[in-house]
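Report on one structure; see the data block that follows.
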Amino acid sequence: KLRFEGIVQSAMDAIITVDEGQKIVLFNQAAEDMFQWSAQDMLGRRLDRLIPERFRSAHAAHIREFGRSGVTTRQMGALGVIRGMRSTGEEFPIEAAISQIAVEGAHYYTVILRDMTARKRLEEELAEREALLRAIIETEPECVKVLALDGTVRTMNAAGLAMIEAAGQADVVGKDICYLVAGESQSVLRDLIRKAAAGEAGRLEFQLVGLLGTPRWVDTHVVPLRAADGSITAVLGVTRDITEWKRTEQLLRQSEERYRR
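Sequential numbering from 319 applies to the sequence shown in this note's numbering.
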């Protein structure tokens, strides 16, 4: 008994056991911290005290249905994200596992609960950051693309699709980006991508030929993209159209030559 109580009280997840009348018979320390009620306050009370009022009848019915199902355990997350309520009235998301056991003809239900507040907040923050990053990339006037380590395209922004005269992502995703490069620059760009996949950033000017045959001079920078563990998972490329700059440079050279003559 002492060993069992030690395990339950030291568990990081809230553990609550109720009887057939859904009255609480076990309420561990993590449950006290989560719901901000003491075990003394909760023992003998109905479980629905910890549930927002609008969900109470449905929750009670769910436990009764689980009792009749004959299933002994439903794993964490099987019930989806449900709502709990602290002593202050604050609602918060929780994930639950539930099990049942019969002792001398009486049924007991044990729920293990995990507070999802921090994870939900993190998921929302990540979604906001991803949406912001996507908006920045899509409005970026230069070509921004993510390449697999073998040089095939994973995704490309709208400016990039316009630069290579593609109708949409389907025209480029999964295809080797080097096939758009003119002449001998193909092998140079392939080597540049291979070095980025090994961790070395690089830059190259070359002539690109669009899907409709339009030639352009471009300046490309490539850098490795790393996962949280430091491993390289992809290559990021940013390409600028320098055709007008090249044309201006050529006109300047011609002008200088005329001046010298």
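For glycine and all other residues, C-beta sits at the position ideal for the given N, C-alpha and C.
Do the CB positions of residue i and residue j come within less than 9 Å of each other?
i, j, result
"Ala500", "Pro533", "yes"
"Leu543", "Leu498", "no"
"Val471", "Val491", "yes"
"Ile381", "Met403", "no"
"Glu448", "Asn475", "no"
"Arg508", "Gly469", "yes"
"Phe384", "Tyr427", "yes"
"Ala414", "Arg432", "yes"
"Gln327", "Ala378", "no"
"Ile482", "Gly517", "no"
Give the DSSP-derived three-state secondary structure of residue i in the structure shown.
i, result
"Ala516", "coil"
"Ser417", "strand"
"Met403", "strand"
"Lys564", "helix"
"Asp494", "strand"
"Glu383", "helix"
"Asp309", "There is no way to answer for residue 309, as the model of the chain reaches only from 319 to 579."
"Lys438", "helix"
"Ala476", "helix"
"Ile369", "coil"
"Leu344", "strand"
"Gly324", "helix"
"Glu456", "helix"
"Asp468", "coil"
"Ile511", "helix"
"Ala484", "coil"
"Arg374", "helix"
"Arg579", "coil"
"Ala449", "helix"
Below 8 Å on the Cβ atoms is my contact criterion, and I expect residue i with residue j to pass it. Report the Cβ-Cβ distance as a whole number of Å.
i, j, result
"Ala348", "Asp331", "6 Å"
"Ser387", "Trp355", "That belief does not hold up - the Cβ atoms of Ser387 and Trp355 are roughly 29 Å apart, past 8 Å."
"Ile334", "Val429", "5 Å"
"Met352", "Val399", "That belief does not hold up - the Cβ atoms of Met352 and Val399 are roughly 15 Å apart, past 8 Å."
"Leu467", "Ala552", "7 Å"
"Leu365", "Val336", "5 Å"
"Glu338", "Ala453", "Rounded, the Cβ-Cβ distance is 54 Å, inconsistent with contact."
With which residues is residue i paired in a DSSP beta bridge?
i, result
"Phe353", "The partner list for Phe353 (beta bridge, DSSP) is empty, contrary to what the question assumes."
"Gln525", "Trp535"
"Asp433", "Ile412"
"His425", "Ala420"
"Arg544", "Ile550"
"Arg364", "Lys341"
"Lys463", "Met474, Gly555"
"Ile334", "Phe345, Val429"
"Val499", "Leu526"
Going by Cα to Cα distance, which pick from the options is closest to residue i?
i, options, result
"Ala519", "Trp535, Val541, Ile342, Glu458", "Val541"
"Leu465", "Lys513, Met434, Ala453", "Lys513"
"Thr538", "Ile560, Arg565, Thr457", "Ile560"
"Thr557", "Gln340, Tyr577, Gln525", "Gln525"
"Gln487", "Cys496, Thr473, Arg452, Phe373", "Thr473"
"Glu409", "Met360, Arg521, Ser328, Arg367", "Arg367"
"Trp535", "Ala546, Ser549, Trp563", "Trp563"
"Leu554", "Ile454, Ile412, Ala515", "Ala515"
"Val343", "Ser573, Asp547, Ala420, Arg363", "Arg363"
"Ala376", "Arg401, Met360, Met352, Phe353", "Arg401"
"Arg521", "Val527, Gly531, Val506", "Val506"
"Glu441", "Pro411, Gly548, Gly324", "Pro411"
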